[in-house]
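Structure first, then comments.
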Amino acid sequence: MSIVSRVASNNKDIVITISERFDFSQYKIFREAYCDCNGSGTDFYVDLSKANYMDSSALGMLLLLKEHADKLAGKVIIERPNDAINKVLEIAQFHHLMTIVR
Amino acid sequence: MLQFEHKSTWLGLICLTGLGYSLLASVSVLVQIVLLLSIAVIFILQSLKLQATQTHNLAEQKSEGRFSANVTKDSEHCISDIYTELEQTFAFERDIISNEVTRANTFVSSAVVGMSQSFHEMKDISDKQHALLNELIASNDNRMGELSTGEDESLTMQEYISESGRLLEEFVQVVVTTSKQSLKTLNHIDDMVVQVDSIFNLLENVEGLASRTNLLALNASIEAARAGEVGRGFAVVADEVRSLSISSSELNEQIRNKIDAAKSTIDDLRESVEHMASTDMSNTLKTKAKISGMTGSVSDINKNMRETISSLELMSDEMDNAMAQAVRSLQFEDMTTQSLQSISINIDQFNAISAELAQLSHSNEPIEVQLQHIKDVCAKVREKSSQASNNRTVSQESLDEGDIELF
Chain A
4 MSIVSRVASN NKDIVITISE RFDFSQYKIF REAYCDCNGS GTDFYVDLSK
54 ANYMDSSALG MLLLLKEHAD KLAGKVIIER PNDAINKVLE IAQFHHLMTI
104 VR
Chain B
71 MLQFEHKSTW LGLICLTGLG YSLLASVSVL VQIVLLLSIA VIFILQSLKL
121 QATQTHNLAE QKSEGRFSAN VTKDSEHCIS DIYTELEQTF AFERDIISNE
171 VTRANTFVSS AVVGMSQSFH EMKDISDKQH ALLNELIASN DNRMGELSTG
221 EDESLTMQEY ISESGRLLEE FVQVVVTTSK QSLKTLNHID DMVVQVDSIF
271 NLLENVEGLA SRTNLLALNA SIEAARAGEV GRGFAVVADE VRSLSISSSE
321 LNEQIRNKID AAKSTIDDLR ESVEHMASTD MSNTLKTKAK ISGMTGSVSD
371 INKNMRETIS SLELMSDEMD NAMAQAVRSL QFEDMTTQSL QSISINIDQF
421 NAISAELAQL SHSNEPIEVQ LQHIKDVCAK VREKSSQASN NRTVSQESLD
471 EGDIELF
C-alpha cells in the first residue's frame, strides 16, 4: 500500500506516510487514514519523503485533512517533501496554510 | 537609428573629401601663380641685366669716343622691342593668372556651397535622430516606469508579466479549491452509496417477507383443499394472497434494478468528480518558471536598452560637436577668397609696370632716364605690395578664431 498511517509515539497524533504517487487513486485510503481520528487536539503528520508526484487532488485531500484537523483544534504538518512536490505546495501557497518541514 | 548614423558618417566623409579636393585645387592654383610670378620676375631681371649691359657698353663706347649713330639706333630699336615683348609677356601671364584666380574662386565657392548643403542635411538628420532618441527615451521611461496612469489602459510589459503571474496564482487557487470541493462531493457520494447499500439490505428483507407470504398462501390453499367444499371460499383468498406475494416479488425486483441503475450512475458521477479533482500541476509549474524567467529577462532588456540609448545620446552629441567643428573649418572660404583677392591686387601691380613699359617703347628719352623710370615704377610697386602684404597678415588670423553659424 502506498499510504500507511500509524499512531505516533505520544499515543495521540497520527502519522500518515505516502509513497510514490500522491493522487486521486489514494483518495479513499487517505480519507480512511484520518476520518476516524476524532481526539481533540490531534496533530496530523503527513510524511511525503517517499512521495515523488503530487497532483491537485492531493492538494484537495490535504485541504480536507486541514478542515478535519481544524475541527479537532489540531494541526497539519507536512514533512520532507521533495523539490518537485515542494514547488507544487509553494505555488498553491500551502506554506501559508500549514507547517511544511523540509 | 544606426542607419542614420551611417548616413551622416558617409555624408561627413564625402564633405571632407570635397574639402580636401578644393583645398588641393586652390593650393595647386597658388603654386602655379607663384611659379608664374617667379618666371616673370626672372624674365624681368634678365631683361634689365641685358639692358644694363647694353647701357654699360654704350657708355663705354661713348667715353671712348667711338660712339656711332648706327649702333645707338640699333640699341634703341632693340630696347623698344624688349619693352614690347616684356609688356606682351606680362599681359599674357596676367591674363592666365587672372583666369586661374577666377577659376579657383569659383571652385572654392561651389565646394563651400556643396559642403554647407551637406552639413545642413547632416544637421537635419542629426536633429531627427535626436528627436527619435528622445521619443524612444520618453516611451521607454513611460513603459518601464513604476507609475502608470490609470487613464492609460494599455499594459506595460512588466505589468503584463506580473499580471500573468497573479492570474496564474489565481488559477492555481481555483484548481485547488475545485479539487477540494470535488473530494468533498465524493465524500457525500460515498455516504450516499452506503445509504443505497442499506436500501439493498431492506429490499432483501422485503423479498424475504414476500417469499414467506407466498409460502403461507401455499399452505393456506392446501388447507383449504383439505377442508373440501367448506374451504372453497378460503382457497380463493389464499390464491389471491399468493398472487399478491408474487407481484410484490416482481416489484422488489424492479426496485432493485432501478437502484442498480442509480448505483452505476453514481459510479459515472464518481468518475467525473475524479476528473474534476485531478489536475496535473506540472504544466502550471513550468509556466510559473517561465514567467519568473521572463521577469528577469525583461529587466535585463530594460537595462540594455537604457545603456544603449544613453550611449547613442552621447554619440549624437559628439556628432553635433564634430559638425560644428566642420562648419567652423568652412571659414577657409573667406581666407581663400581674401588670398585670391590679394593675388588680383598683385596682378594689378604688373599693369603699372606694363603701362610704363608700353609708354617707354615709344619714348625718345635717353636709356638712363628710361631705366630710371622703370626702377622708380618697380620701387613703387614693391612698396604698394609690401603694404598690401602687411594688411593681409593683419586680416588673416587663425581658423579657430570665432564661432560661425551654419550658412
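Residue numbers (the numbering used here), protein chains in the order written: chain A, 4 to 105; chain B, 71 to 477.
Note that CB positions come from ideal geometry on N, CA and C, so glycine has one too.
Check: Chain-ordered neighbours of L66(A) on chain B, where CB pairs are closer than 9 Å; Outcome: V246, T247, S249, K250, L253
Check: 7 Å Cβ cut-off: residues of chain A touching E344(B); Outcome: F27
Check: Endpoints, beta strand (DSSP E) assigned at N55(A); Outcome: 47–57
Check: Buried versus exposed call for I81(A) [16 or more other C-beta atoms within 10 Å across all chains shown]; Outcome: buried
Check: Contact with chain A by L355(B), beta-carbon distance below 8 Å; Outcome: yes
Check: Contacts that L75(A) makes with chain B (C-beta to C-beta distance below 8 Å); Outcome: Result: empty, since nearest Cβ-Cβ is about 17 Å, beyond 8 Å.
Check: Contact set for N461(B): own chain, Cβ-Cβ below 8 Å, skip 5 residues either direction; Outcome: none
Check: Cβ distance (whole Å) where S234(B) is taken to contact I361(B) below 8 Å; Outcome: 6 Å
Check: Same chain, Cβ closer than 7 Å to A458(B), neighbours up to 5 away in sequence not counted; Outcome: S412, I415
Check: Residues in the region 320–354 of chain B having any Cβ partner in chain A nearer than 7 Å; Outcome: E344, A347, S348, T349, D350, M351, T354
Check: Cβ-based neighbour list, G135(B), same chain, cut-off 8 Å, excluding 5 preceding and 5 following; Outcome: Reliability fails at G135(B), whose pLDDT of 49 lies under 50, so the model's placement of it is uncertain and the value that follows must be treated cautiously. Correct list: empty, nothing qualifies.
Check: Within chain B, partners of I94(A) - CB distance below 9 Å; Outcome: L238, E239, V242, M351, T354, L355, K358
Check: Within chain B, the residues that K53(A) reaches when beta carbons sit closer than 9 Å; Outcome: Under the 9 Å cutoff, chain B gives no residues; its nearest Cβ is about 19 Å from K53(A).
Check: Reduced DSSP category for T102(A) - H, G, I as helix; E, B as strand; rest coil; Outcome: strand
Check: Euclidean distance between Cα positions of R83(A) and S12(A); Outcome: 19 Å
Check: Sheet register partners of R452(B) (DSSP bridge); Outcome: DSSP, once it has assigned bridges, lists no residue as partnering R452(B).
Check: Boundaries of the alpha helix (DSSP H) in which E299(B) is found, first to last residue; Outcome: Per DSSP, E299(B) belongs to no alpha helix (DSSP H) and is neither H nor E.
Check: 8 Å CB neighbourhood of L203(B) in its chain, flanking five on each side removed; Outcome: M71, I379, L382, E383, S386
Check: is_contact[S8(A), chain B] using C-beta, thresh 8 Å; Outcome: no
Check: Strand pairing of G23(A), partner residues [DSSP]; Outcome: The question names Gly, yet the displayed sequence has Glu at residue 23(A). Paired residue(s): A54(A).
Check: Distance between H147(B) and H432(B) (C-alpha atoms, nearest Å); Outcome: 10 Å
Check: Cβ of K15(A) within 8 Å of any chain B Cβ; Outcome: no
Check: Three-state class that DSSP yields for E221(B) in the structure shown; Outcome: With a pLDDT of 46 at E221(B), under the threshold of 50, the predicted position of this residue should be treated as unreliable, though the coordinate-derived value follows. In this structure, E221(B) counts as coil in the three-state DSSP scheme.
Check: Classification of I19(A) by the beta-carbon crowding that lies within 10 angstroms, buried from 16 upward; Outcome: buried
Check: Residue-level contact to chain B via CB, D86(A), 8 Å cutoff; Outcome: no
Check: Beta-bridge partners of V18(A), as assigned by DSSP; Outcome: R9(A), Y48(A)
Check: Contact the region 253–273 of chain B vs the region 282–302 of chain B: 3+ CB pairs below 8 Å; Outcome: no
Check: Segment contact flag, the region 34–54 of chain A with the region 63–72 of chain A, C-beta cutoff 8 Å, min 3 pairs; Outcome: yes
Check: Residues that E82(A) bridges to, as DSSP identifies them; Outcome: D50(A), V104(A)
Check: The region 311–324 of chain B touching the region 277–287 of chain B, judged by at least three CB pairs closer than 8 Å; Outcome: yes
Check: Interface residues of the region 253–279 of chain B facing chain A [CB-CB below 9 Å]; Outcome: L253, K254, L256, N257, D260
Check: Check whether T365(B) and L238(B) have beta carbons under 8 Å apart; Outcome: no
Check: Pick from N353(B), E310(B), S209(B), L272(B) that is closest to R326(B), judged by C-alpha positions; Outcome: L272(B)
Check: Check whether S352(B) and S59(A) have beta carbons under 8 Å apart; Outcome: no
Check: Rounded separation between V343(B) and I336(B) - CA only; Outcome: 10 Å
Check: N- and C-terminal bounds of the alpha helix (DSSP H) containing L410(B); Outcome: 402–431
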